[in-house]
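In the UniProt record's numbering, the protein residues as written are 1 to 530.
Don't be surprised by glycine CBs; every beta carbon is placed ideally from N, CA and C.
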């Protein structure tokens, strides 16, 4: 059976393909899914660690039902998706003699989801996972490692906005802009559905077992062609924190898990009505504080935090990419809204400034991603491009610091038709080897930094001109790309390096020794996701 998981910062959705009805359907897991009659059933992305040494945890709705969501408790984790694969500045707790990383918390969460699926019982042969557009290789690498430990035959991965476009349903040649705005990320993707003949491997494969799914031959393959995309770490969690900061200043309430939930409730209320209120009861002073807010006041808080400027940044990035391909705003057939944050009226008004309201659709904000991901098993091939650039680190003598030289530009379709060449020489006498640090470079518009504000995991945009970088091989034993025999000396070219990205989005290098004419590395993977 095929299962798709849309792992969100705030909530997670799981869907399966029903062979009888030939449709995708959302799964409700006892104890994990919300019991509040939500449609679709959502699984809160929460983890409480009961015993780290024995891998005993509670996840999802069970954390709320048993009162484990106490913000000050180091065993309680929320919004942990943001910390996976990021350089975190702050304290990570030691529980039961172990330092707990966000990667470990995420692994526990996925394991519990799959265990619960099998208890329903539901056999899981094929798993499709969705990822944010702006995710670095570190996040995808973690996802690949988690998949290897899961008892699943096949695992594939797909960008969340592309999955959403498939989930809404696409007509041939239709040009769609997906605005995926959830609890932790804003992702935009411009997608077109084409047709081609023949069969190719579907999606981006993380794990592929011996048992292959049968596919009908001779049928046209639908291609979801990604034309432009942009993303940033901005979501509903940030809005909750801004609201809480406002009431901390104006009403002098403390920052706790309770007041954070009250802020979130106010935000949700204001999506349905123009005025909202909640009551905070201080169990120490026995005083009640009314927290009231109007939509106008809410929008002023958003403006103060430069919310709409951040939205414009991502939208302009996508539209600029589209214009380079001759696509104007008027050419876009529909705008699909996905995620809880798109339900905020101010967000919908912002989108309405760019597009005619008749083109904006928001009927499936929660299920579209997970259900669309299942289309990978129904004859959909994804044609994509690199969202980030790849480069090498060098010493910038003018500024007396390390800098990065781009080798493969963002926007490069993969697989690459022709590798990029780089010629290097020795810098020291009798140099025994040549080292090279390869990195994945964030968007030129800046990037995002993840850090701690007290015990709150938050993000902020980097200043213009700064680029966030994720080194791919900056560790012992991985930096050396060539052992020189005989040793090299300055003054002449010694090695030629070929860089390319294959059809599975792996960055590979080939190294040729120009002195001995030997191949030192042959199509070596720099970053391995599986």
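Rounding to the nearest angstrom, what Cα-Cα distance links residue i and residue j in this structure?
i           : j           : result
residue 457 : residue 69  : For residue 457, the pLDDT reaches just 48, beneath the cut-off of 50, and the residue's location in the model is therefore unreliable, although a value from the coordinates is still provided. Going by the C-alpha atoms only, they are around 15 Å apart.
residue 294 : residue 265 : 13 Å
residue 523 : residue 420 : 13 Å
residue 2   : residue 526 : 30 Å
residue 330 : residue 310 : 23 Å
residue 19  : residue 333 : 31 Å
residue 182 : residue 391 : 31 Å
residue 93  : residue 307 : 31 Å
residue 44  : residue 109 : 11 Å
residue 433 : residue 480 : 7 Å
residue 167 : residue 370 : 7 Å
residue 324 : residue 352 : 23 Å
residue 427 : residue 496 : 15 Å
residue 63  : residue 122 : 23 Å
residue 516 : residue 485 : 8 Å
residue 277 : residue 262 : 9 Å
residue 364 : residue 336 : 9 Å
residue 256 : residue 290 : 16 Å
Hey, out of the options, whose CA is closest to residue i's CA?
i           : options               : result
residue 28  : 242, 263, 303 and 12  : 12
residue 316 : 344, 127 and 355      : 355
residue 7   : 92, 512, 143 and 24   : 143
residue 483 : 494, 474 and 386      : 494
residue 126 : 17, 76 and 174        : 17
residue 247 : 411, 44, 121 and 297  : 297
residue 157 : 278, 292 and 130      : 130
residue 367 : 496, 40, 30 and 244   : 40
residue 228 : 441, 251, 279 and 192 : 192
residue 79  : 103, 262, 344 and 62  : 103
residue 343 : 49, 270, 122 and 26   : 270
residue 284 : 253, 322, 364 and 276 : 253
residue 361 : 46, 145, 178 and 47   : 178
Quick one: residues in its chain with C-beta nearer than 6 Å to the C-beta of residue i, no 5 flanking neighbours on either side, listed in chain order?
i           : result
residue 180 : 160, 161, 164, 187, 338 and 339
residue 249 : none
residue 431 : 487 and 488
residue 139 : 84 and 85
residue 42  : 11 and 34
residue 299 : 346
residue 520 : 482, 511 and 513
residue 4   : 15, 128, 370, 373 and 374
Among the residues of its own chain, which have a CB less than 7 Å from the CB of residue i, if the five just before and after it don't count?
i           : result
residue 471 : 437 and 439
residue 132 : 160, 185, 187 and 231
residue 474 : 437
residue 25  : 15, 16 and 18
Quick one: what does DSSP say residue i is sitting in, helix, strand or coil?
i           : result
residue 83  : helix
residue 405 : strand
residue 75  : coil
residue 328 : coil
residue 106 : helix
residue 244 : helix
residue 400 : coil
residue 352 : helix
residue 505 : coil
residue 482 : strand
residue 531 : The chain is shown only over 1 to 530; residue 531 falls outside these bounds and no answer can be derived.
residue 307 : helix
residue 45  : coil
residue 200 : Because the pLDDT at residue 200 is just 41, under 50, the model does not fix this residue reliably, and the value given afterwards should be weighed accordingly. Coil, per DSSP.
residue 345 : helix
residue 298 : helix
residue 27  : coil
residue 180 : strand
Among the residues of its own chain, which have a CB less than 8 Å from the CB of residue i, if the five just before and after it don't count?
i           : result
residue 508 : 499, 500, 501, 502, 523, 524, 525 and 526
residue 394 : 402, 403, 404 and 405
For a cutoff of 8 Å on Cβ pairs, would you count residue i as touching chain B?
i           : result
residue 141 : Included in the structure is just one protein chain, with no chain B present.
Does the pairing of the region 179 to 194 with the region 145 to 163 give three or more beta-carbon distances under 8 Å? yes
Does the count of Cβ pairs from the region 393 to 401 and the region 413 to 427 closer than 8 Å reach three? no
Cβ contact (3+ pairs, closer than 8 Å) linking the region 107 to 124 and the region 148 to 159: yes
So, does the region 91 to 105 touch the region 49 to 57, judging by three or more C-beta pairs under 8 Å? yes
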